[in-house]
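This report concerns only the one structure given below.
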Amino acid sequence: MSDSEGEGERVQYKVILLGDGAVGKTSITRRFTNDEFKQSYLQTIGVDWSMKTIVLPGEIEVTLQIWDIGGQQLGSKMLSNYIYGSDAVILTYDTTSFASFKNLQEWYQLVQVVFKDRKPTIAVMGNKSDLNHLRNVKKEAHTKWCTENDFLNFYVSAKTGDSVQSSFIRLAGVLAQVSVPKATIEGMGKVVKAEIVNYPITDNENEDWKKKHEEEVEKKRNKKCIIA
């Protein structure tokens with residue numbers, strides 16, 4: 546969809562994150578759309594979606610509608626309905642879990658069933674790149690699968706924010722068929738890495754942790770400023 550003459554083009558695309566539960570799909574989405582990371586974890590029930598607009602070179606406004614299926618498993622009745630109509634599919638796994646990478650083949654097979662007449666843009670996203678010392682998936686295996694199937698290839702850390710923004714900017718460029726130089730992507734995708742405080746989450750201290758976490762979040766909100 547284009548705007549009136551003299552204004553930049555505006556387009557919107559549906560992007561869905563697929564993969565096993567607990568690989569970080571929700572955390573990636575939150576990092577991209579709100580630049581936040583929550584240390585506590587509550588698995589998404591059903592499906593969530595959010596939107597973020599990126600301005601690409603040429604004043605092209607690309608709005609990505611991000612769908613997060615959360616902890617739904619392969620075989621869930623509504624999965625095909627959620628996937629249908631997606632312009633891009635991000636197959637997401639945890640780099641510290643080989644099983645989550647191996648299972649992407651089944652997720653991809655589901656995508657192929659849903660899209661019989663066309664192939665959406667597909668990316669493979671390895672999350673938790675900050676835990677390189679715990680890696681259980683070889684980079685060669687990741688790269689080989691992407692190359693053989695013409696998938697986009699991403700490594701990110703939802704926890705630190707590393708490469709999250711730049712990955713989605715690159716995806717937006719591919720969807721909108723806009724050539725975005727690597728230097729521009731890196732410049733647009735720079736993030737201030739969040740300081741992660743590992744509060745204890747034992748049963749006896751759970752309520753104290755929640756209160757402390759809420760206070761910490763409130764302090765950070767109060768410190769935020771907008772730079773014109």
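Residue 546 is where the sequence shown starts when you use our numbering, and the numbers rise one by one after that. Backbone N, C-alpha and C define an ideal beta-carbon position, used for all residues, glycine too.
{"Check": "Bridge partners - glycine 671, DSSP secondary structure assignment", "Outcome": "Tyr638 and Tyr700"}
{"Check": "Buried or exposed by the 16-neighbour rule on C-beta atoms within 10 Å, applied to asparagine 694", "Outcome": "exposed"}
{"Check": "Contacting residues, own chain, Cβ-Cβ under 8 Å from glutamate 606 (five flanking each side not counted)", "Outcome": "Gly553, Glu554, Arg555, Val556, Thr598, Ile599 and Val600"}
{"Check": "For lysine 559 and glycine 630, the rounded distance between their alpha carbons", "Outcome": "7 Å"}
{"Check": "Separation of aspartate 707 from phenylalanine 778, as counted between CA atoms", "Outcome": "Absent from the model: residue 778. The displayed extent of the chain is 546 to 773, so no value can be given."}
{"Check": "Sheet register partners of glutamine 610 (DSSP bridge)", "Outcome": "Lys559 and Met596"}
{"Check": "Straight-line gap, valine 682 to threonine 640 (C-alpha atoms, nearest Å)", "Outcome": "6 Å"}
{"Check": "Proline 726 CB to nearest heavy atom of the ligand PLP below 7 Å", "Outcome": "The ligand content of the structure shown is nil, which means the ligand PLP is not present either."}
{"Check": "Alpha-carbon spacing of valine 634 relative to isoleucine 667, whole angstroms", "Outcome": "5 Å"}
{"Check": "Where threonine 571 sits in the DSSP three-state scheme", "Outcome": "helix"}
{"Check": "Isoleucine 771 classed as buried or exposed, judged by whether at least 16 other C-beta atoms fall within 10 angstroms", "Outcome": "Bear in mind that a pLDDT of 36 at isoleucine 771, under 50, signals an unreliable position, so the number given afterwards is only what the model happens to contain. So isoleucine 771 ends up on the exposed side."}
{"Check": "Contacting residues, own chain, Cβ-Cβ under 7 Å from valine 723 (five flanking each side not counted)", "Outcome": "Leu601, Pro602, Gly603 and Ile605"}
{"Check": "Among Trp612, Phe660, Tyr700 and Pro726, nearest to leucine 676 - alpha-carbon criterion", "Outcome": "Tyr700"}
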